[in-house]
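Going letter by letter, the sequence shown gives residues 63 to 322 in our numbering.
Report on the following structure.
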Amino acid sequence: MLLFTITFGGLLLMMGHQSRSEALFYYFRLEDQVPENHLLRLIDRHVNFEFIRAKLKDAYSDAGRPSIDPELLLRMLLVGYLYGVTSERKLAEELRMHLAWRWFTGLGFDQEIPHHSTFSKNRHGRFQESNLFQEIFEEIVARCVEAGLVKGEHMSVDGSFIPANADHHSRVPREQLPEIAKVNHTAREYLVELERENPVEPPVPQQEKVSTTDPDSTYATKEFGERTDRLQRVFSQAAQLFLPESSFVQKSPKTCVNCE
């Protein structure tokens, strides 16, 4: 910072001026930049993510190039959920700038951020096929039980309507969903190919259909606007089983049709 002596009305003023020149090298530790009470530091201290590799060991090949660490991908996705970054492209951009996020994911400044398309391929591929997110949820609940944070003596159920990222035209029979997840092109392109190869037949009565973008959503609509111009939105009916004394969710959200 440069200091200028300015004469104003016969008085000398010491006015600072911040230089915007960039240093070639910076010497500091990311560890020193994250406060002790930061949310990500608390999560890293109390949650061991090593079990992710054990759960995904059958989803990786024994040959070929080493993959991106699945724990890194899950940590990045967790950061996105915690801070409301729903776009994977935006998450990769924001991670480049945030010191605490880099520290939590273990990415130094000399390491490249994984490409946003890597998230899509893993989330719609091996992560979905291995039911990883449900297993992670159950693993964390089990560790809360071991730590005495979950007693199971008194439980409450809270249900609510949540706008779903889904559309009526994207629904397919549930048994087709794993097959759609395996393809690299979009679900809509896949459905067009299915219709071209297989003529459309009358639907089977009471056949359950799920959304390809939000399989957990239940098809329920509400009308908005005037009677002459009504809009419909698809809602997900979510029900959570939680413990009031610790505020831990013990059951993951399910559609009300399939609530247990």
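Just so it is clear, CB atoms sit at the ideal spot from N, CA and C, and this is done for glycine as well.
Quick caveat: nothing in here was measured; it's all calculated off a predicted structure.
Which partner residues does residue i have in the DSSP bridge list?
{"i": "Ser351", "result": "In the structure as shown, the chain begins at 63 and stops at 322. Residue 351 is therefore absent and cannot be evaluated."}
Can you tell me whether DSSP reads residue i as helix, strand or coil?
{"i": "Met217", "result": "coil"}
{"i": "His177", "result": "coil"}
{"i": "Leu86", "result": "coil"}
{"i": "Pro240", "result": "helix"}
{"i": "Leu139", "result": "helix"}
{"i": "His186", "result": "helix"}
{"i": "Asp94", "result": "helix"}
{"i": "Ser131", "result": "Note that residue 131 is Asp in the sequence shown here, rather than Ser. Correct three-state label for Asp131: coil."}
{"i": "Val147", "result": "coil"}
{"i": "Leu253", "result": "helix"}
{"i": "Ala125", "result": "coil"}
Compute the beta-carbon to beta-carbon distance between residue i and residue j, rounded to the nearest angstrom, for a pair I have assumed lies under 8 Å.
{"i": "Val234", "j": "Thr274", "result": "6 Å"}
{"i": "Asp276", "j": "Ala226", "result": "5 Å"}
{"i": "Arg158", "j": "Ile175", "result": "6 Å"}
{"i": "Leu118", "j": "Leu169", "result": "Not really, about 20 Å apart at Cβ, beyond 8 Å."}
{"i": "Val96", "j": "Leu161", "result": "7 Å"}
{"i": "Thr167", "j": "Val147", "result": "13 Å between Cβ atoms; not a contact."}
{"i": "Phe181", "j": "Leu139", "result": "7 Å"}
{"i": "Leu239", "j": "Val272", "result": "6 Å"}
{"i": "Glu93", "j": "Trp165", "result": "7 Å"}
{"i": "Ala121", "j": "Ser179", "result": "The pair is not a contact, with the Cβ atoms about 18 Å apart (cut-off 8 Å)."}
Which residues mark the beginning and the end of the alpha helix (DSSP H) in which residue i is found?
{"i": "Glu156", "result": "150-157"}
{"i": "Val203", "result": "194-208"}
{"i": "Phe113", "result": "113-117"}
{"i": "His108", "result": "101-108"}
{"i": "Phe171", "result": "Taken as a continuous stretch (DSSP letters only), Phe171 belongs to no alpha helix (DSSP H), as it is neither H nor E."}
{"i": "Ala162", "result": "161-167"}
Is residue i buried or exposed, if buried means 16 or more other CB atoms sit within 10 Å of its CB?
{"i": "Phe189", "result": "buried"}
{"i": "Arg137", "result": "buried"}
{"i": "Leu132", "result": "Correcting the residue type first, residue 132 is Pro in the shown sequence and not Leu. With 16 or more other Cβ atoms within 10 Å, it is buried."}
{"i": "Leu101", "result": "exposed"}
{"i": "Val212", "result": "buried"}
{"i": "Arg107", "result": "exposed"}
{"i": "Ala154", "result": "buried"}
{"i": "Ala228", "result": "buried"}
{"i": "Ile114", "result": "buried"}
{"i": "Arg91", "result": "exposed"}
{"i": "Asn260", "result": "exposed"}
{"i": "Leu135", "result": "buried"}
{"i": "Arg258", "result": "exposed"}
{"i": "Asn184", "result": "buried"}
{"i": "Val109", "result": "exposed"}
Report yes or no: is there a C-beta of chain C within less than 8 Å of the C-beta of residue i?
{"i": "Leu153", "result": "Of the protein chains in this structure there is only one, and it is not chain C."}
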